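First up is the structure itself, then whatever we jot down about it.
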Amino acid sequence: MISRTIEDKELKEHITSLPADGREVFLIADGNARLSVVSATTMVNQMRANHNTGLLETYMLGQGYIAGALLQSTVKGNDRIQLNIECGGPVKGMMIESWASGAVRGYLLQNPIPLEKPLEKLDTSMVYGPGFLSITRILEGSKTPFTGQIMLEYGNLANDLALYFQESEQTPSLFYLSINFDKSGRVWGAGGLFVQALPGCSDEILTRLEEKARSLSGMGEKLGNGMSALEYGLTQFEEFKPEHIGHTPIGFSCPCSKERFDAYLNTLPQNEKEAIMNGEFPLILECFNCGTKYSYTKEEIESLFREDL
1 MISRTIEDKE LKEHITSLPA DGREVFLIAD GNARLSVVSA TTMVNQMRAN HNTGLLETYM
61 LGQGYIAGAL LQSTVKGNDR IQLNIECGGP VKGMMIESWA SGAVRGYLLQ NPIPLEKPLE
121 KLDTSMVYGP GFLSITRILE GSKTPFTGQI MLEYGNLAND LALYFQESEQ TPSLFYLSIN
181 FDKSGRVWGA GGLFVQALPG CSDEILTRLE EKARSLSGMG EKLGNGMSAL EYGLTQFEEF
241 KPEHIGHTPI GFSCPCSKER FDAYLNTLPQ NEKEAIMNGE FPLILECFNC GTKYSYTKEE
301 IESLFREDL
């Protein structure tokens, strides 16, 4: 992956001044629930630079990246998790992939999102439309990935993720995804949280957690003002006596490389290789997951294909 430069000098200085992105995990309510808190301002801004997204696209894909970072807390080691949305609205869907190690990548199926008229507010229900949300866990050493799926009910990623865990995994859960834009439309702060009930969690504790979740607001703004994910978890959930149990750095990362694209090109059938040689140069190949573009001259392609042409 090649990280594109964030050109806005003021934004770059702001990002540099913030605590590093990361995921903090806590046990809360005397060990009856687990809380994951993510700060993701740098990740969302780098995602925006690489994918060249507008405000709405940044909001929707940014929420997907934050969700991917939160979902990492459900896997470990070299495991990875995929969040996939397929829908009938103008965005068509998104694909997010994240690793337990903290890396996140992914893309919108439509970028830019074709709208008949601008949205009056950041309500994504009409942008998603009817569709499905699925989560796949790809576990190291397991031959078969586990996939669960639900129909989209809310057209709101946080609410539909909570519904997924309730219906597909029978685990009461809460999600909160927050992206704060400044007056110029820049991402000034971004983050989210994920609360999972653990076995034995009482209805009383669940009710208190739901009430707490409804009272939360301005998380992205707080993170954009310099609060760390650790501080956010400790202060916002102080009444639940949070016990910090883990930290993981997170970031926008993709394992693509020009060498991998070289290998892909060499696997093409002979007729496709000949069509490439007869086409226009430079040949530009783009990684959907991270927006990185790899350029090939005709001489480079001739060298790759020399044995087969």
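Last residue of the sequence shown: 309 (full-length UniProt numbering), numbering continuous.
For every residue, glycine included, the Cβ atom is placed at its ideal position computed from N, Cα and C.
Just so we're clear, the structure is a prediction, and the values are computed from it rather than from any experiment.
task: Please name the residue, chosen from ASP160, ALA275 and ASN156, that lies closest to ILE150 on a Cα-to-Cα basis.
output: ASP160
- prompt: Counting Cβ pairs, one atom from each stretch, are 3 or more of them under 8 Å apart for the region 249 to 267 and the region 91 to 107?
  reply: yes
For ALA158, the nearest candidate out of THR58, TYR176 and LEU133 (CA to CA): TYR176
message: Please give me, in chain order, every unbroken run of the alpha helix (DSSP H) with length at least 4 that falls completely inside the region 186 to 230.
response: Taken in chain order, the unbroken stretches of alpha helix (DSSP H) that lie wholly in the region 186 to 230 and span 4 residues or more are 203 to 215 and 219 to 224.
Beta-carbon contacts of SER228 that lie in its chain and below 7 Å, excluding the five residues immediately before and after: PRO19 and SER39
- request: Between the Cα of ILE250 and those of LEU11, MET43, SER36 and PRO112, spot the shortest distance and give me the residue it belongs to.
  value: MET43
- request: Counting only runs of 3+ residues fully inside the region 3 to 82, write out the beta strand (DSSP E) ranges in chain order.
  value: Note on the region 3 to 82: whole beta strand (DSSP E) runs with a minimum of 3 residues are 22 to 28 and 33 to 39, in chain order.
field: Contacts around LYS222, its chain only, beta-carbon distance under 6 Å, and the 5 residues preceding and following it disregarded
entry: none
Identified DSSP bridge partners for TYR176: Partner(s): LEU193.
Other residues of its chain near GLY148: CB distance less than 6 Å, five sequence neighbours each side excluded: ILE135 and SER168
message: Report the CB separation of GLY233 from GLU24 in whole angstroms; it is logged as a contact under 8 Å.
response: For a cut-off of 8 Å, the C-beta gap from GLY233 to GLU24 is around 5 Å, short enough to register as a contact.
task: Along the beta strand (DSSP E) that carries residue 313, what are the first and last residues, could you check?
output: This structure leaves residue 313 out entirely; the chain is present only between 1 and 309.
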